[in-house]
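**Q** Under the UniProt record's numbering, the first residue of the sequence shown carries the number 1, and numbering increases by one thereafter. Quick reminder that beta carbons are idealized off the backbone N, C-alpha and C, glycines included. These numbers come from a predicted model, not from an experiment.
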Amino acid sequence: MDGFPREEGMGRVTTVPDSWLLAIALGGLVLTLGVLFRFTGVTQYWLEDKGRTRAAAAREDVGDEAEQDEHADQQPRAAGGGGGRRGDDRRALAKEEKKRQKAELKRFAAAQREEKRRRAEARQDKVREREAARQEVEDAERAELEAKKAQLEAAASAELDGWKRDMVVDAEGEGAVGASGSPRARSEERTRSVVAYVRREKVVSFDSMAQDFNMSPREAMRIIQELQTQGTLSGVFDDRGKFITVDDKELEALADYVNKRGRLTLEDFTARANDLISARCEEEDGTQGDSP
């Protein structure tokens, strides 16, 4: 049976053909699509109109902003000079800030270099001050040493001159040259004893020598000075009241030591002489111990 049944009158059912139903469905679809297209077109037109309205408003705003910027260009800025649009102002401010930071970095680097230079100069000044102080101390010590040496030499020379005068007076008063028991004979005997004593002791203290020979320390120093002048004894005087005998070999060693060291104090020279004499004494003691 084709189509759908439909009622017709009391208790009578009629059938609607399928073609009618299809036509009705197509008509409804066309009507629905037409309504949709109509509504869509109106909506699109409304949206486009609204977009055009917004674009026009935006153009008006841009125009107003341009007019305001142009007006701002013609008037001085409240911040103190300059002009231009807002974007240009921001770029100008950023550029100025960059320049300021760069200048600040340059000033900081310059300050660091200046501080470094100042510290280096301060260190150099301290080094120069220490060197000057050290040189001043050395000069003072050298001057003091030379003054003491000159004073000792002057005193020894004066004592030696007095001793020579005494010897001449004694010789002229007695008149006996080489006679037994005469002052000259006694003087020669004492001289030989002193020479033997000094050569035996190596390092002679004037106080000890004065006690051994019953004389004053000044007289002991005077006698040794005279013997050294004559070439009978060779050695050096130190500042502690002692005479240190030195032979020719030791004199050469001392000369080499002075040449190598250049500048040295009297204490250093005396200490070196003592070392040489100690070595010689040890060598002599060893030789005597080995002999039968």
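Say whether the segment 185-198 touches the segment 224-238, bearing in mind that this needs 3 or more beta-carbon pairs closer than 8 Å, one atom from each stretch.
**A** Because the criterion of three Cβ pairs below 8 Å is met, the segment 185-198 and the segment 224-238 touch.
**Q** Are L206 and G241 closer than 8 Å when you measure CB to CB?
**A** Counted from its first residue, the sequence shown places residue 206 at position 206. Counted from its first residue, the sequence shown places residue 241 at position 241. It should be pointed out that residue 206 corresponds to Phe in this sequence rather than to Leu. In this structure, G241 lies closer than 8 Å to F206 by Cβ.
**Q** Does the ligand HEM have a heavy atom nearer than 7 Å to the CB of R86?
**A** Ligands are entirely absent from the displayed structure, and the ligand HEM is therefore not among its contents.
**Q** How big is the Cα-Cα spacing for S187 and A150?
**A** Looking up residue 187 in the sequence shown gives position 187. Looking up residue 150 in the sequence shown gives position 150. Each residue's Cα considered, the two are about 29 Å apart.
**Q** From what residue to what residue does the beta strand (DSSP E) around T245 run?
**A** Locating residue 245 in the sequence shown gives position 245, counting from the first residue. Where T245 is concerned, the enclosing beta strand (DSSP E) stretches over 242-245.
**Q** Can you have a look at E226 and say buried or exposed, based on whether 16 or more other CB atoms are within 10 angstroms of its CB?
**A** Position 226 of the sequence shown, counting from 1, holds the residue named residue 226. Flag for E226 reads buried.
**Q** Taking all protein chains shown into account, do 16 or more other C-beta atoms lie within 10 angstroms of the C-beta of F243, making it buried, or fewer, making it exposed?
**A** Mapped onto the sequence shown, residue 243 falls at position 243. It is buried - the Cβ of F243 has at least 16 other Cβ atoms within 10 Å.
**Q** Please list, in chain order, all residues of the same chain as S216 whose beta carbon is under 8 Å from its beta carbon, the five residues on each side excluded.
**A** On the sequence shown, residue 216 is found 216 positions in, with the first residue counted as 1. Within the same chain, S216 has close Cβ partners A210.
**Q** Short check: CB of T245 to CB of K202, under 8 Å?
**A** Residue numbering aside, residue 245 sits at position 245 when the sequence shown is read from its first letter. Residue numbering aside, residue 202 sits at position 202 when the sequence shown is read from its first letter. In this structure, K202 lies closer than 8 Å to T245 by Cβ.
**Q** Using DSSP bridges, identify the partner residues of F237.
**A** Your numbering for residue 237 matches position 237 in the sequence shown. F243, per the DSSP bridge assignment.
**Q** Based on the DSSP output, what are the partners of V204 in its beta bridges?
**A** In the sequence shown, the residue the question calls residue 204 occupies position 204. DSSP output for V204 lists F243 as bridge partner(s).
**Q** Over the uninterrupted alpha helix (DSSP H) stretch that includes M221, give me the two end residues.
**A** Here residue 221 is taken as the residue at index 221 of the sequence shown, counted from 1. First-last of the alpha helix (DSSP H) with M221: 217-230.
**Q** Would D239 and K148 be called neighbours here (beta carbons separated by less than 8 Å)?
**A** Indexing the sequence shown from 1 puts residue 239 at position 239. Indexing the sequence shown from 1 puts residue 148 at position 148. Taking 8 Å as the Cβ cut-off, D239 and K148 qualify as a contacting pair.
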